[in-house]
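Below is one structure, written out as structure tokens, with a few remarks after it.
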Amino acid sequence: MIPATPDISSSTGYLNGQLLVATPLVSSPGFSKSVIFLCAHDAGGAMGIIINHIIENISYKELFEQLAIEGSQNAPRLAVHYGGPVEINRGFVIYHYEGEAPPDTLLTVNNIAISSSIHVLRDIAAGKGPTERILALGYAGWAPGQLETEIESNSWLSVPASRELIFDTDNGTKWSRAAQSQGIDIRKLTSDVGHA
């Protein structure tokens, strides 16, 4: 398990708690037009969860049944997101919280937490969990130095994470809106590489 990261350290140059926005240079099927919430980034590599791609062929009810979690009639309908190609059977919940940081979290930043705790899923299934949440299976991972190389080659934009971008933006527009938050019209970027 990745240790909890209490805050972003701007002096380190690492991007914990930021959003990565794929540029048109990223064409692999799982990552094209993706927005990734980066939950770990240090000299040992990076880990993030894609927050705008849905797994169409699995429902949250099926997922809860597989985990032997009983739901209630108050349980909200949940989309199951494709978090990335690594450990696709491992679940994560990204959610907003008020007050003190909850226990059993991988990351807490600006009142947004990432957890793989079964307790959070049980609360959601019982209709008592966080109302602003994303349920995801799998994650994206980078070897040491790999993400930095991809950023230097213009594959990713780094964008400050916000509650609005993560939870209030429709998955279909999250990619363009995340880039627009930095004044970039990502649809006008080209995947052609050239020299002046």
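Residue numbers (our numbering): 51 to 246.
Positions of the beta carbon are idealized from the N, C-alpha and C atoms, including for glycine.
Please read these numbers as outputs of a predicted model, since none were measured by experiment.
Item, Value
"Beta bridge counterpart(s) of Val-159 as assigned by DSSP", "Ile-162"
"Contact check, Asn-66 vs Leu-215, beta carbons under 8 Å", "no"
"Whole beta strand (DSSP E) elements within the segment 151–216, 3-residue minimum", "157–159, 162–165, 183–192 and 206–210"
"Trp-192 beta carbon less than 8 Å from that of Asn-102", "no"
"Helix, strand or coil at Glu-115 according to DSSP, with G and I counted as helix", "helix"
"Ala-211 classed as buried or exposed, judged by whether at least 16 other C-beta atoms fall within 10 angstroms", "buried"
"DSSP state of Asp-57 mapped onto helix, strand, coil", "Low per-residue confidence applies at Asp-57: pLDDT is 37, beneath 50, and the placement is therefore not dependable, though the value from the model is reported in the following sentence. Here Asp-57 sits in coil by DSSP."
"The segment 85–99 contacting the segment 107–120, beta-carbon criterion three pairs below 8 Å", "no"
"C-alpha gap between Asp-235 and Arg-140, whole angstroms", "34 Å"
"8 Å Cβ cutoff met for Ser-205 and Ala-72", "yes"
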